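Encoded as structure tokens, the structure appears first; notes follow it.
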Amino acid sequence: MTAIRFKKIFEPTNIGQMRLKNRIVMPPMGTNYAEAGGAVSQRMLDYYEARARGGTGLIIVEGSAPSLQCNMSFQGSPSYQASLGADRFIPEWRKLTDTAHKFDARIAIQIMHGTLENWNGKAVQVGPSPVIVPARFMGILGVPPHELTVEEIAERVEWFASAARRAKEAGFDGVEIHGAHQYIIAAFLSSATNQRKDKYGGSVENKARFLIEILRAVKREVGPDFPVWVRFNAQEWGIESGITLEETKKMVRLAVEAGAQALHVSGYGAGSYITTAPIPDTAGFLVSLAEEVKKLARVPVIAVGRLDLELGEKILEDGKADLIAIGRRLLADPDLPNKVAEGRLDEVTPCIGCMECIERLVFDERGEGVTCVVNPGLGKEKAYQTRPAGKVKNVVVVGGGPAGMQAAVAAAKRGHKVTLFEKEAKLGGQLNIAALPPFKGDIFPWLDYLVSQVENTGVKVELNADATSEIVTRKKPDAVVIAAGGNPVMPDIPGIDRSNVVTAEDVLSGEARVGQNVVIIGGGMIGCETGHYLAKQGKTVTIIEILKRMANDMFLMTRRRLMDGLKSKKVTMLASTTCEEIKEGSVLVTTAEGKKETIPADTVIVAAGYEANDRLYKALEGKVPEIYCIGNSAKPRRILEANSEGYQTGLAL
Ligand SMILES: Cc1cc2nc3c(=O)[nH]c(=O)nc-3n(C[C@H](O)[C@H](O)[C@H](O)COP(=O)(O)O)c2cc1C
Numbered sequence: 000m001t002a003i004r005f006k007k008i009f010e011p012t013n014i015g016q017m018r019l020k021n022r023i024v025m026p027p028m029g030t031n032y033a034e035a036g037g038a039v040s041q042r043m044l045d046y047y048e049a050r051a052r053g054g055t056g057l058i059i060v061e062g063s064a065p066s067l068q069c070n071m072s073f074q075g076s077p078s079y080q081a082s083l084g085a086d087r088f089i090p091e092w093r094k095l096t097d098t099a100h101k102f103d104a105r106i107a108i109q110i111m112h113g114t115l116e117n118w119n120g121k122a123v124q125v126g127p128s129p130v131i132v133p134a135r136f137m138g139i140l141g142v143p144p145h146e147l148t149v150e151e152i153a154e155r156v157e158w159f160a161s162a163a164r165r166a167k168e169a170g171f172d173g174v175e176i177h178g179a180h181q182y183i184i185a186a187f188l189s190s191a192t193n194q195r196k197d198k199y200g201g202s203v204e205n206k207a208r209f210l211i212e213i214l215r216a217v218k219r220e221v222g223p224d225f226p227v228w229v230r231f232n233a234q235e236w237g238i239e240s241g242i243t244l245e246e247t248k249k250m251v252r253l254a255v256e257a258g259a260q261a262l263h264v265s266g267y268g269a270g271s272y273i274t275t276a277p278i279p280d281t282a283g284f285l286v287s288l289a290e291e292v293k294k295l296a297r298v299p300v301i302a303v304g305r306l307d308l309e310l311g312e313k314i315l316e317d318g319k320a321d322l323i324a325i326g327r328r329l330l331a332d333p334d335l336p337n338k339v340a341e342g343r344l345d346e347v348t349p350c351i352g353c354m355e356c357i358e359r360l361v362f363d364e365r366g367e368g369v370t371c372v373v374n375p376g377l378g379k380e381k382a383y384q385t386r387p388a389g390k391v392k393n394v395v396v397v398g399g400g401p402a403g404m405q406a407a408v409a410a411a412k413r414g415h416k417v418t419l420f421e422k423e424a425k426l427g428g429q430l431n432i433a434a435l436p437p438f439k440g441d442i443f444p445w446l447d448y449l450v451s452q453v454e455n456t457g458v459k460v461e462l463n464a465d466a467t468s469e470i471v472t473r474k475k476p477d478a479v480v481i482a483a484g485g486n487p488v489m490p491d492i493p494g495i496d497r498s499n500v501v502t503a504e505d506v507l508s509g510e511a512r513v514g515q516n517v518v519i520i521g522g523g524m525i526g527c528e529t530g531h532y533l534a535k536q537g538k539t540v541t542i543i544e545i546l547k548r549m550a551n552d553m554f555l556m557t558r559r560r561l562m563d564g565l566k567s568k569k570v571t572m573l574a575s576t577t578c579e580e581i582k583e584g585s586v587l588v589t590t591a592e593g594k595k596e597t598i599p600a601d602t603v604i605v606a607a608g609y610e611a612n613d614r615l616y617k618a619l620e621g622k623v624p625e626i627y628c629i630g631n632s633a634k635p636r637r638i639l640e641a642n643s644e645g646y647q648t649g650l651a652l
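Residue numbers (numbering that gives the first Met the number 0): 0 to 652.
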């Protein structure tokens, strides 16, 4: 059945002489799992092994630096980016390629120069021209980039060639040249950043010269048969003089003539947040570009951009591309290809598109590496393996939110007998409401997945069960996990107990009726998202935040997306503002300027955070052999921590 439904995607194909068992490509994704300085780590080996074992046809290893000089973080400090910059790295890379080959996966590596270089301990950005173009990442260090001389360009071309030679010696099946996104080759290709008057600027031929010289030098080094291809921005949006599709069509012809054996079609969009591209939140966002390239290409085309296997199959059927790259979904579930091939679609852990992975990478100065909200085992593949329990225990879990469900599932997978108490009529806890605000809808499939995991692993669920210490002890548990969630904080403000005051939870769950004029007390993520949700319904919303910055608990990109949404819906955001009193039909505040103001409010919504809820834990301590308090019950945090703590607890039982 599945084989027929996904016929195209599981059909073998070739890139040059490289035979692929299917058309699923894992695109390059930086992880920061390498050792400081760029050597392959055990963590990387485990991470890539899991993806090879999981059935991916072609793994393209993360963008790796071609020289020790350009192994830099996004902030310009020496980094944990993987490196192809020295021969001494080859034996470790060999371990990685050998591992992938054991599972009949093909493995290539992306060579990436991120524009930042280490010049005798000083971070310097280099580029085609000394122009600051924030939308194109140029001038990130606050000064114009160093304009590369012709000799320096030639030196960097040779870096790529040597890196490709090392990749071949390490057993890679191919190399991808990173000509996309905001990095150095794309900087040459884009008129926004390339204002040169010499042979590297002006016409498409000139702007593509750096890329073409790299391709030729790489081919010279690895020989004509070794597969080499290029990833590029087929188009740039929102950037004055950005790359156009017409330019790309010319560039593509030159690249293929120079030896590119495949074309990996990405894009780049400037917005105040990154999600328009290259990491889109809309499925198939970049496919029309792949289709345009495919019309003129004589070599295989790889499409990318929030694809899943259903959409991928359709793209292949319609002849819009030859291979389908699946990025974040393979972080969420390394076994995605095998599960789909075996018809186990409901077992695939869905990616919720929350951007945790990329935000972690970009702001990761300490080399902690990317993490995934839905896959606590990402980057911990060996440590998080499920092993059968030595002694089967009777486990009681209290709370059916993400922490509780993960704990129950992990424990059940180990063979324990698990009972899960949930006080509401359905499982999911906070996820039921977290999925409602704009941009959060992809949480629903994950919630469905978690519930089906609970069912499929044989966990006994008791709904509408407000577990007391008596109810729990009656079960004679060997181990108890308290994951009952936190309690909303109600700030000590005169009028807080008025009938028009409700919590964000009450609003999102539909329990509270909301009037036209709304004031939200608390401008963290939950307050702002609730504001956005209501503003989209046409309510007049004011958000009051005591701190200087709204949504201070969010990462940069998703925060910007939310702020844009709030601004477009004309939500009033008052930072550094204190709520003094809640009155009938209004609230009294002190603004950042120290002025007292009255804001009309039919409904006042409190979103002032959560406090731990360890009442049951304390009541049971000493009465049961083993007890754990996890997730918001222990300390209010985000879904990431709740989920991961639940999983770890379940594994440790
Ligand atoms: C954590 C992370 C790291 C990435 N690193 C790279 C990289 O090193 N090189 C690159 O070309 N693209 C990189 N990308 C972009 C992906 O290759 C891919 O194009 C993008 O995630 C869109 O595909 P998806 O929607 O299937 O995730 C990265 C994306 C993520 C999420």
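Built from N, CA and C at the ideal position, the CB exists for glycine as well. Given the structure is predicted, the values throughout are model-derived calculations rather than measurements.
Query                                                                                                             : Result
Distance cut-off 8 Å: HIS180 Cβ against heavy atoms of ligand 1                                                   : yes
The alpha helix (DSSP H) enclosing CYS527, as first and last residue numbers                                      : 524-535
Beta-carbon proximity of ILE301 to ALA320, cut-off 9 Å                                                            : yes
ALA166 - containing beta strand (DSSP E), residue span                                                            : Taken as a continuous stretch (DSSP letters only), ALA166 belongs to no beta strand (DSSP E), being part of the alpha helix (DSSP H) at 149-168.
Segments of 4+ residues assigned as alpha helix (DSSP H) that fall wholly inside the segment 328-353              : 335-340
Contact set for VAL347: own chain, Cβ-Cβ below 6 Å, skip 5 residues either direction                              : ASP332, LEU335, LYS338
Opposing strand residues paired with ILE481 [DSSP bridges]                                                        : VAL397, CYS628
GLY53 and MET404 closer than 9 Å at C-beta                                                                        : no
Residues near TYR661 by beta carbon distance below 7 Å, same chain, minus five either side                        : Nothing can be reported for residue 661: it is not among the residues displayed for the chain, which extend from 0 to 652.
Same chain only: Cβ atoms within 6 Å of GLU312, ignoring 5 sequence neighbours per side                           : PHE5, LYS7, ILE8
Whole beta strand (DSSP E) elements within the segment 86-115, 3-residue minimum                                  : 105-110
Spatial neighbours of LEU157 in its chain, beta-carbon cut-off 7 Å, leaving aside the 5 residues before and after : Sequence inspection shows Glu at residue 157; the Leu mentioned does not correspond to that position. For GLU157, where only same-chain residues beyond five positions count, the Cβ hits under 7 Å are ALA216.
Whether ILE89 touches GLU175 by CB criterion (9 Å)                                                                : no
Enclosing beta strand (DSSP E) for LYS121 [first to last residue]                                                 : 121-126
Classification of PRO490 by the beta-carbon crowding that lies within 10 angstroms, buried from 16 upward         : exposed
7 Å Cβ shell around GLY366 - same chain, five flanking residues per side excluded                                 : ASN31, ALA35, TYR79
Where VAL391 falls, given that 16 or more other Cβ within 10 Å makes a residue buried                             : exposed
Beta bridge counterpart(s) of PRO599 as assigned by DSSP                                                          : SER585
Proximity below 9 Å, CB of VAL453 to CB of ILE519                                                                 : no
Proximity of ALA261 and PHE231 at Cβ, strictly below 9 Å                                                          : no
Secondary structure of MET137, DSSP reduced to three states                                                       : strand
Classification of ILE492 by the beta-carbon crowding that lies within 10 angstroms, buried from 16 upward         : buried
9 Å Cβ cutoff met for ALA641 and GLY400                                                                           : yes
Where ILE242 falls: helix, strand or coil (DSSP)                                                                  : coil
Close Cβ partners of LEU140 (< 7 Å) along its chain, the five nearest in sequence each way excluded               : GLY75, ALA122, GLN124
C-alpha gap between LYS248 and PRO27, whole angstroms                                                             : 23 Å
Among VAL227, LEU295, THR456, nearest to ARG164 - alpha-carbon criterion                                          : VAL227
Residue environment, ASN374, which counts as buried when at least 16 other CB atoms sit within 10 Å               : buried
Same chain, Cβ closer than 6 Å to ALA424, five either side skipped, listed in chain order                         : LEU462, ASN463
Burial state of GLY326, where buried means 16 or more other Cβ atoms lie within 10 Å                              : buried
Close Cβ partners of THR529 (< 8 Å) along its chain, the five nearest in sequence each way excluded               : PRO436, ALA503, VAL506, LEU507, ILE519, ILE604, ALA606
Contact check, GLN126 vs GLU146, beta carbons under 9 Å                                                           : This sequence places Gly at residue 126; Gln is not what is there. It is a contact, given that the beta carbons lie within the stated cut-off.
Proximity test, GLY304 beta-carbon vs ligand 1 heavy atom, cut-off 8 Å                                            : yes
heavy atom of ligand 1 below 8 Å from GLU61 C-beta                                                                : yes
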